[in-house]
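Numbering (mature numbering (1 follows the signal peptide of the UniProt record, and there is no 0)), first residue to last: -24 to -1, 1 to 507. C-beta atoms are modelled at their ideal positions from N, C-alpha and C, and glycine is treated no differently. This structure is a prediction, so every number in the text was calculated from the model and none was measured. What follows is a set of notes on a single structure, which appears directly below.
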Amino acid sequence: MTFLRCFGFLFLSCIIARINPCSNLPFTTPTESDLESSLIRSSLMTLNLDGHFSFDDVHHAARDFGNRYHFLPCTILRPESVSDIATTIKHIFHMGPSSALTVAARGHGHSLQGQSQAHGGVVINMESLNEPAMRVHAGELPYVDVSGGELWINILHENLKYGLAPKSWTDYLHLTVGGTLSNAGISGQAFRHGPQLSNVYQLEVVTGKGEVMNCSDNQNADLFYSVLGGLGQFGIITRARIALEPAPKMVKWIRVLYSNFSIFAKDQEYLTSAKNTFDYIEGFVIINKTGLLNNWRLSFNPQDPVQASRFNSDGRTLFCLEMAKNFNPDETDTMNQEVESLLSQLSYIPSTLFLTEVSYLEFLDRVHISEKKLRSKGLWEVPHPWLNLLIPRTRIHKFAEVVFGNILTDTSNGPILIYPLNKSKWDSRTSVVTPEEETFYLVAFLSSAMPSSTGTDGLEHILIQNKRILDFCERAHLGMKQYLPHYTNQEEWRAHFGPRWESFVQKKSAYDPLAILAPGQKIFRKAISFS
């Protein structure tokens, strides 16, 4: 037994009693009376801030990209400095357990299950944070210092001026640094560079006690690794130092189709394990050829066979392998030779090969182009009951056999991404939980509950499908872990973290002992004393 297990059961019970992890009952926050709300407002207004509180226009902070949960906060803090955030949290911390106030950091509001909301609490608008100003440091080991509320798209634009860029991305760049680093941040570069949280040198964090702490691998390392992937439970990221690399100017963008999942998976695993390979590798699923023309993630031109449906699939489930090779204009010939060599080793359907060349910026910001089209049609702000799973490699074939074309009969609700990741690129010291195997797959069901006259694409239909998928994973003992996890009771969270749960609880007690931070995750409930 570990030291913790030998001597820690009584100690752990005391910790749990203090921070009160949510029970099997639905997570709720005590409702404040009008008098209590008035007192809270008066209390917060006494704080000396560079920014300010907004008490009236709070409705937009009661929604997120998931568009399913809507919890009104008491107020929105619009900070202009890190001191504003620290002062506010420290004030709430010193109010003690007699106050029900909690705090949620909200970046671009791209959470799915209300994680960026704080019912009756304080929502911090991280995009209002004006410091520190973005600073690019070129040199042998280049990096950029950015605010936790900065959008990745802005980081890309600024660093391209210096011929540099971060190494790892998400598919959608209009997200904040603090938001993605609190989860992981993954895309088609993660097989090589790891998730975004594996490419951070240093953080500035405001803990649940209101303390501002700098942390890195050699300074306050426990906090550093706890916060990375920590779902906002231990502190709010206010600054990050991100690793950079030379940025290419162009990208060769390639798509091919497969009708056999085993061959598709074999080729993906070969490419993600090869030394000389593509710079970006992802895949997605097409069931019964639905969703080809209205898939928001596709932004190729109409000649793309995946999009134009000129390829006759005969109703089969197809698998698309998407790849990209970075290059500069003077490297075109060499790049084309490398691409040709790599493609010659794959077993895709030859007639489905499609290639195009785009700028590096256009490739990375590809989803935003589709977002603008959907917004113009009023189809962006709909419920998004997304489900993101990490499946061990040895179980991915069983998963595909049961789920694709069986539980799911079409893909008209949105894209289904599927691609392998290498565990060796994920730092095991962070708070992220992944399957135990060296290679595991991200399978992301990115559904949108679009208006439908038949109701087949409605929210309830998608939620039922999601539950069937989760139930199957549990029955089949696949060893699955959720990415961007969502659970509602202590038993489920304990199962998610497994043997790491005890350590997670201890760190919560150390850095946020009153459970003030990130109440929308529903991992811990603030212990309230009415004495």
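If you draw a 10 Å sphere on the C-beta of Leu15, you find fewer than 16 other C-beta atoms in it, and that means exposed. Cβ atoms of Arg215 and Pro108 come within 8 Å of each other, at about 6 Å. In the displayed model, Asn159 falls within coil according to three-state DSSP, outside both helix and strand. The three-state secondary structure of Val409, taken from DSSP, is coil. Annotation: the continuous alpha helix (DSSP H) that includes Trp128 extends over 128 to 136. Residue pairing from DSSP places Cys191 in a beta bridge opposite Leu179. Taking the CA atoms as reference points, Ile383 sits about 45 Å from Arg54.
Between the stretch 242 to 254 and the stretch 125 to 143, the count of C-beta pairs closer than 8 Å stays below three; the two stretches do not touch. In the DSSP assignment, Val343 falls within the alpha helix (DSSP H) that extends over 342 to 352.
Around Leu363, the same chain offers Phe421, Asn442 as residues with beta carbons nearer than 6 Å, after the five sequence neighbours per side are excluded. Taking C-beta atoms as the reference points, Ser158 and Gly97 fail to come closer than 8 Å. Taking the Cα of Thr415 as reference, the smallest distance to any Cα among Lys143, Ser479, Thr248 is reached at Thr248.
Annotated three-state conformation of Leu25 is coil, per DSSP. With respect to the 8 Å criterion, Lys498 and Thr78 are not classified as neighbours on the basis of their beta carbons. Within the same chain, and ignoring the five residues on either side of Asp26 in sequence, the residues whose Cβ sits closer than 6 Å to its Cβ are Glu56, Ser57, Asp60. Rounded to the nearest whole angstrom, the CA to CA distance from His344 to Ala160 is 20 Å.
Listed as beta-bridge partners of Glu221 by DSSP are Ala141. Beta-bridge pairing by DSSP links Gly211 to Thr183. In this structure Met21 is exposed. Its beta-carbon is surrounded by fewer than 16 other beta-carbon atoms within 10 angstroms.
Contact between the stretch 391 to 404 and the stretch 338 to 356 is not established, with fewer than three Cβ pairs separated by less than 8 Å. In the three-state DSSP reduction, Tyr148 falls in the coil class, being neither helix nor strand. It is roughly 23 Å from the alpha-carbon of Leu11 to the alpha-carbon of Ala37. Rounded to whole angstroms, the gap between the alpha carbons of Leu340 and Ala223 is 12 Å. Taken atom to atom, the span from the alpha-carbon of Ala471 to that of Asp488 is near 22 Å.
Put simply, of Thr293, Ser423, Val153 the residue whose alpha carbon is nearest the alpha carbon of Phe41 is Ser423. The residues Thr63, Thr64, His67, in chain order, have a CB closer than 7 Å to that of Leu23 in the same chain once the five nearest residues on each side in sequence are set aside.
With respect to the 8 Å criterion, Lys225 and Tyr336 are classified as neighbours on the basis of their beta carbons. Relative to the Cα of Tyr417, the nearest Cα in the group Glu436, Thr410, Leu397 belongs to Leu397. The C-beta distance from Leu294 to Leu220 rounds to 37 Å, too long to meet the 8 Å contact threshold. In the displayed model, Met299 falls within a strand according to three-state DSSP. Short of 7 Å from the beta carbon of Met311, and not among the five residues preceding or following it, lie these beta carbons of its own chain, in chain order: Lys228, Lys301, Phe303. In this model, Leu318 and Ala250 are separated by some 10 Å (Cα to Cα). When the five nearest sequence neighbours on each side are left out, the beta carbons in the same chain lying within less than 6 Å of the beta carbon of Ala114 are those of Tyr138, in order along the chain.
If you look at Ile499, you'll find it isn't in any alpha helix (DSSP H); DSSP assigns it neither H nor E. Residues of the same chain with a CB within less than 8 Å of the CB of Ile100, apart from the 5 flanking positions on each side, are Ile52, Leu53, Pro55, Ile61, Thr64, Val79, Ala80, Ala81, Arg82, Ile212 in chain order. The DSSP assignment places 392 to 398, 415 to 421 as complete runs of the beta strand (DSSP E) inside the stretch 383 to 463, in order along the chain (cut-off: 3 residues).
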